[in-house]
Structures are given as C-alpha cells and as structure tokens.
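Each residue of the sequence shown is one higher than the one before, starting from 12 at the first, in our numbering.
Below: the structure, in structure tokens.
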Amino acid sequence: MATETATREDGTTEGSGRRRVYLDNNATTPCDPRVIEAMTPYFFEKFGNAASRNHEWGWEAEEGVEEARAQIAKAIGADSREIVFTSGATESDNLALLGTVEMYAEKGNHIITVPTEHKAVVDTAKYLESKGVEVTWLTPKPDGLIDLDELRAAVRDDTVLISIMAANNEIGVIQPLSEIAGIANEKGAVFHTDAAQAIGKIPFDVNELGVHLASISGHKVYGPKGIGALYIRRRRPRVRVAIQMHGGGHERGNRSGTLAVPLIVGFGKAVELAVLDLTNGEIDRVRALRDKLYRGLTSKLPESYVNGSMEHRLPGNLNVSFAFVEGESLLMGISDIAVSSGSACTSASLEPSYVLRALGIGDDLAHTSIRFGLGRFTTEADIDYTIDRLVDVVTRLRDLSPLWEMHQDGIDITKIEWQGH
Ligand SMILES: *Cc1c(COP(=O)(O)O)cnc(C)c1O
C-alpha cells in the first residue's frame, strides 16, 4: 500500500503512514491559498459595510466588492452591473426560477427543465408546480444530454423560462448551451443555466452562449462557501427577475442584505484564477489525470460502466458503476478516498441517485456508482493510488460474491428464476 509521511498543505494526505486522497471536488473545493490571502484584510482592517457611503471604511469595502464584481463579470464576458451577489448557487437558482416566473406571469405560466438538474432547480420547479405553474420535464438521453428536438417541441407561446444546467454535478455532462439559447431566444423565453460546475472548467461566455441568467458558486471554484452570484442579462434582451429578498435594496434592488465583503472578495479572486486554468495548462493536466483514472479502472476491472457521456463531459469528472459489488462495502473499502456515491446510504433519502435513475440506469448499477471529482490539488500519485485501491477492493469484493462467480461461469443472472421470491 502506498504510504505518505509528509502532510501536504491542502490536507489531502496526512502523515503517520496513512494516505488519504480527496476526489470529491464536484461537492466542494478547498479555498486556494491566494484566495484566502485576498480575503484576509477584509475581516479586520477593511471590515466596513459596503453600503456605508459617508466614510472610508464603507468606501474600502465597496471598492473590494466592486473589484470582485468586475473580476467575475470579466471572467464570463458580462458587464459588472449584470452580477448580483447571493449566498450561493442554491439561492441564485431560486432567484432565477421564482423571480422569472413572477416577473413574466402575464406572458405565461409554463417552464421547462430537466429531472437531472441540481436539487436547487428540481425542488424549486416542483414547488412552482405545486403552486400551479405548468412544468415540462424533458427526458434526458441515456448519455445525459438533452434532446434538442424535444426541447424545441416543448416550447410554447406561454413558456416563460427554460432552465438547463451547463454541466451536471454528478455525471459532469455538458449540455449544448448555445443551441438551447438559440431556441429560447427564437421563442422569446428566458434561458437560465446553473453554471456552478462549469466556471473554470469549460469556456463560459454569456454573450457567446446567449444565456440570460446564470448561477455560479464560490466553493466550487476554490473560493469560500456561502457566496455565489446570479448573472442577469441587461441588454439584448433585457431580463428582469422579481425580488425574492426584501430589505435595504442592495444589489440594485435585486437582493437585499449586507454584502458579505470578505466572501465576495475571495469569490472574485477565485473566479479570476479559475478561468486562467482554461489557458495555462491546468485543465489539460486535470483531464489527463481523469483519463488515466478512466483507463486504469476500466482496463483492470471488467464490468465497470461509465455513467454519462464521456465526450461531453467536465475534464475533472468521472462517474463509474462497478457491477457485482455491493455499494456500501465498496465505499467502506475505500474510506481513505473521498468520493461521492450514487448509493442511498450516503444521503438522507432512500432512493439511489435520481440523476442516474433519470438516465435509465437500474438501481443495482446506481447503487455501485462512484463519482470521482478531480481538481487543482489532485496529483498523479493520488490517481495511481486510487486506481490501485479500487482494483484491489473491487476484486476482493467480487471474489466473495456468488453472483460474480456465476457470471464468470457464463450464467446470465438476469435470467435466473430465484426460489422463494
Ligand atoms: C454545488 C452546486 C449548487 C449549489 O451551490 P451552493 O453554492 O452550495 O448553494 C447548485 N448547482 C450545482 C450544479 C452545484 O454543483
């Protein structure tokens, strides 16, 4: 077993001969030390309220906020006035959906989304449905991509909103955003995209893509938790959302609440750094490691299945189901590697991943699925170690499995008539 005695700065490995590997970067990322450095002065020296207009403390804070706003706007090709700070992508999604439906109620009462969206969109759409809004749920194709013909056919005169994410948090699948935007623009519907997983991973320019609303989050891009933004297009066309947070009229009236200055400053720095990854070789490094992981696992472990399109996929994401193992034992066997699982036992709900289910993947394979999320602090040694551990644990579990033995003997277990069932 690989050992590591040095404690790494980002805490992904520890000393005392035990190695641990963090591969859950789709769930959250560590704060980049450069981000922390940018934030630090705003907790004490520059602690002012950005809304204080009559003294230097306020001006300093406001300056930090406006610099961050400009950094984020530049990173996505927007104007600073189009960036509204929120507490995270969850709030941005809520503001986008609730705010659009309310603002355009006179035009219609119909929205379109997909069951594979993040819960922040799915549950908000379900809430709207419970309040009488008509929701069309598109059927994703088995590879996770939406069917553009189905979308085109679903848009109606009374459709006010299409909400489809840029890249999926579980399977990393990237949706055809410009094509979706084209359909929305043609039909006069607002197009919202949850881009929390996309920033710094794929090119994302609001004008090149033609999106109207976009949700982003700090902690998915090596920034702090508890901060995010909603991009709201101001021209061609001008899009408006009804206020969901009433109060002091901050953020041009779009979202009241004292601005979280240190978090915003860190978020701005994080986004600025994240988009550099696209051109400085970092994303290629991550993709190469992901491909190594993919090849290592699928070549050494038969009956392993990739979930979601491999072609239209985030560079750092891999989601694989290992047939003939028990999901919980698999996770326990690799507890030194931080991953997510499509299995019920990792979440509060009893169903396996609703995303995998929406792709038509059976519960058995969903239960043994593992999401690997590679990131800026993932090393080649992490990947080598992960391949070795997975191969070892999956092989060991299969050696104990009567189903695997039958499969090896050429028995099709789907055709067995079990006794006593
Ligand atoms: C993480 C995530 C969210 C939620 O973001 P928070 O900032 O944690 O509220 C929403 N959508 C997607 C796609 C995400 O990955």
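Glycine included, every Cβ here is placed at the ideal spot set by N, Cα and C.
| task | Report the rounded CA-to-CA distance for residue 141 versus residue 120, giving the unit in angstroms. | result | The residue given as residue 141 occupies position 130 in the sequence shown. The residue given as residue 120 occupies position 109 in the sequence shown. Between residue 141 and residue 120, the C-alpha separation is close to 13 Å.
| query | DSSP on residue 302, reduced to helix/strand/coil? | reply | Taking the sequence shown and counting its residues from 1, the one referred to as residue 302 is at position 291. In this structure, residue 302 counts as helix in the three-state DSSP scheme.
| field | Limits of the unbroken beta strand (DSSP E) element including residue 333 | value | For the purposes of this step, residue 333 is identified with residue 322 of the sequence shown, where counting begins at 1. That run of the beta strand (DSSP E) goes 328 to 333.
| said: Can you list, in chain order, the residues of its chain with a C-beta nearer than 6 Å to that of residue 29? Leave out the 5 residues immediately preceding and following it. | reply: Locating residue 29 in the sequence shown gives position 18, where the first residue counts as 1. Result list for residue 29: empty, nothing under 6 Å.
| message | Shorter than 7 Å, the distance from the beta carbon of residue 36 to the closest heavy atom of ligand 1, or not? | response | Translated into the one-based positions of the sequence shown, residue 36 becomes position 25. No, the Cβ of residue 36 stays beyond 7 Å of every heavy atom of ligand 1.
| Where does residue 5 land, buried or exposed, given buried means 16+ other C-beta within 10 angstroms? | Residue numbering for the chain in the displayed model covers 12 to 432; residue 5 lies beyond these limits and cannot be assessed.
| Just to confirm, are residue 252 and residue 265 a CB contact at a threshold of 8 Å? | Along the sequence shown, one-based indexing puts residue 252 at 241. Along the sequence shown, one-based indexing puts residue 265 at 254. The answer is yes: Cβ separation under 8 Å.
| field | Reduced DSSP secondary structure (H/G/I, E/B, other) of residue 252 | value | Residue numbering aside, residue 252 sits at position 241 when the sequence shown is read from its first letter. Residue state, collapsed to three classes: coil.
| heavy atom of ligand 1 below 7 Å from residue 364 C-beta | Indexing the sequence shown from 1 puts residue 364 at position 353. No; taking the cut-off as 7 Å, the Cβ of residue 364 has no heavy atom of ligand 1 nearer than that.
| task | Could you work out which residue in 241, 144, 149 is closest to residue 125 when comparing CA atoms only? | result | Locating residue 125 in the sequence shown gives position 114, counting from the first residue. Checking every option, the nearest Cα to that of residue 125 belongs to 149.
| message | When you measure from the CB of residue 433 to every non-hydrogen atom of ligand 1, does any distance come out below 7 Å? | response | Residue 433 is absent from the structure shown; the chain starts at 12 and stops at 432.
| task | Please name the residue or residues paired with residue 122 in a DSSP beta bridge. | result | Counting from one through the sequence shown, the residue named residue 122 turns up at place 111. DSSP, once it has assigned bridges, lists 146, 172 as partnering residue 122.
| query | Where in the region 165 to 234 do unbroken runs of the beta strand (DSSP E), each at least 3 residues long, occur, reported from the N-terminal end onward? | reply | 170 to 174, 201 to 205, 224 to 228
| field | Ordered list of alpha helix (DSSP H) runs contained in the region 43 to 92, each at least 4 residues | value | 44 to 50, 67 to 87
| Within the present structure, is the beta-carbon of residue 180 separated from the nearest heavy atom of ligand 1 by less than 7 Å? | Position 169 of the sequence shown, counted from the start, is the residue given in the question as residue 180. Flag set: Cβ of residue 180 near ligand 1.
| request: Specify the secondary structure class of residue 155 as computed by DSSP and reduced to three states. | output: Here residue 155 corresponds to residue number 144 of the sequence shown, with the count starting at 1. Coil.
| message | So, for residue 404: in the same chain, excluding its five sequence neighbours on each side, which residues have a beta-carbon less than 6 Å away from its beta-carbon? | response | In the sequence shown, the residue the question calls residue 404 occupies position 393. Answer for residue 404: 344, 345, listed in chain order.
| Can you tell me where the alpha helix (DSSP H) with residue 101 in it begins and where it stops? | Counted from its first residue, the sequence shown places residue 101 at position 90. Run containing residue 101: 100 to 114, per the alpha helix (DSSP H) assignment.
| request: Would you list the residues whose beta-carbon is nearer than 5 Å to any heavy atom of ligand 1, in the order they occur in the chain? | output: 99, 100, 101, 129, 131, 180, 205, 207, 208, 228, 239
| field | First and last residue of the uninterrupted alpha helix (DSSP H) at residue 284 | value | The count along the sequence shown starts at 1 and reaches residue 284 at position 273. Segment 272 to 287, the alpha helix (DSSP H) holding residue 284.
| Is residue 336 closer than 8 Å to residue 408 when the C-beta atoms are compared? | Position 397 of the sequence shown, counted from the start, is the residue given in the question as residue 408. Position 325 of the sequence shown, counted from the start, is the residue given in the question as residue 336. Against a cut-off of 8 Å, the Cβ pair of residue 336 and residue 408 comes out as a contact.
| task | List the residues that DSSP assigns as beta-bridge partners of residue 349. | result | Position 338 of the sequence shown, counted from the first residue, corresponds to residue 349. Residue 349 pairs with 33.
| query | For the putative contact between residue 157 and residue 186, defined by C-beta atoms under 8 Å, what is the C-beta separation to the nearest angstrom? | reply | Here residue 157 refers to the residue found at position 146 when the sequence shown is read from its first residue. Here residue 186 refers to the residue found at position 175 when the sequence shown is read from its first residue. Correct: roughly 6 Å between the Cβ atoms.
| Which of helix, strand or coil does DSSP assign to residue 340? | Your numbering for residue 340 matches position 329 in the sequence shown. In the structure shown, residue 340 sits in a helix (DSSP, three-state: H, G or I).
| task | Work out the CA separation of residue 272 and residue 419 for me, nearest whole Å. | result | Position 408 of the sequence shown holds residue 419. Position 261 of the sequence shown holds residue 272. The straight-line gap from Cα to Cα measures roughly 60 Å.
| query | Does any CB atom of chain B fall closer than 8 Å to the CB of residue 205? | reply | No chain B appears in the structure shown, which is made up of a single protein chain.
| task | With DSSP as the reference, label residue 94 as helix, strand or coil. | result | Taking the sequence shown and counting its residues from 1, the one referred to as residue 94 is at position 83. Of the three classes helix, strand and coil, the one that applies to residue 94 here is strand, per DSSP.
| query | In this structure, does DSSP put residue 424 in helix, strand or coil? | reply | Stepping through the sequence shown from its first residue, residue 424 is reached at position 413. Residue 424 falls in the helix class under three-state DSSP.
| message | Going residue by residue through the region 361 to 395, where are the continuous alpha helix (DSSP H) segments of at least 4 residues, counting only ones entirely within it? | response | 365 to 369, 374 to 378
| In chain order, what residues of the same chain have a beta carbon less than 8 Å from the beta carbon of residue 239, not counting five sequence neighbours either side? | Sequence index remark: in the sequence shown, residue 239 carries index 228 (1-based). Correct list, in chain order: 96, 97, 98, 99, 100, 101, 102, 103, 207, 226, 227, 228, 229, 278.
| said: Along the chain, where does the beta strand (DSSP E) containing residue 315 start, and where does it finish? | reply: The residue labelled residue 315 in the question sits at position 304 within the sequence shown. It spans 315 to 317 - the beta strand (DSSP E) in which residue 315 sits, taken as one unbroken run.
| field | For residue 411, the first and last residue of its enclosing alpha helix (DSSP H) | value | Stepping through the sequence shown from its first residue, residue 411 is reached at position 400. Where residue 411 is concerned, there is no enclosing alpha helix (DSSP H), given that its DSSP letter is neither H nor E.
| the region 104 to 120 contacting the region 130 to 138, beta-carbon criterion three pairs below 8 Å | yes
| query | If you pair each beta-carbon of the region 373 to 388 with each one of the region 51 to 66, do three or more pairs fall below 8 Å? | reply | no
| message | Would residue 268 and residue 260 be called neighbours here (beta carbons separated by less than 8 Å)? | response | What you label residue 268 is simply residue 257 of the sequence shown in a count that begins at 1. What you label residue 260 is simply residue 249 of the sequence shown in a count that begins at 1. Contact flag unset, no.
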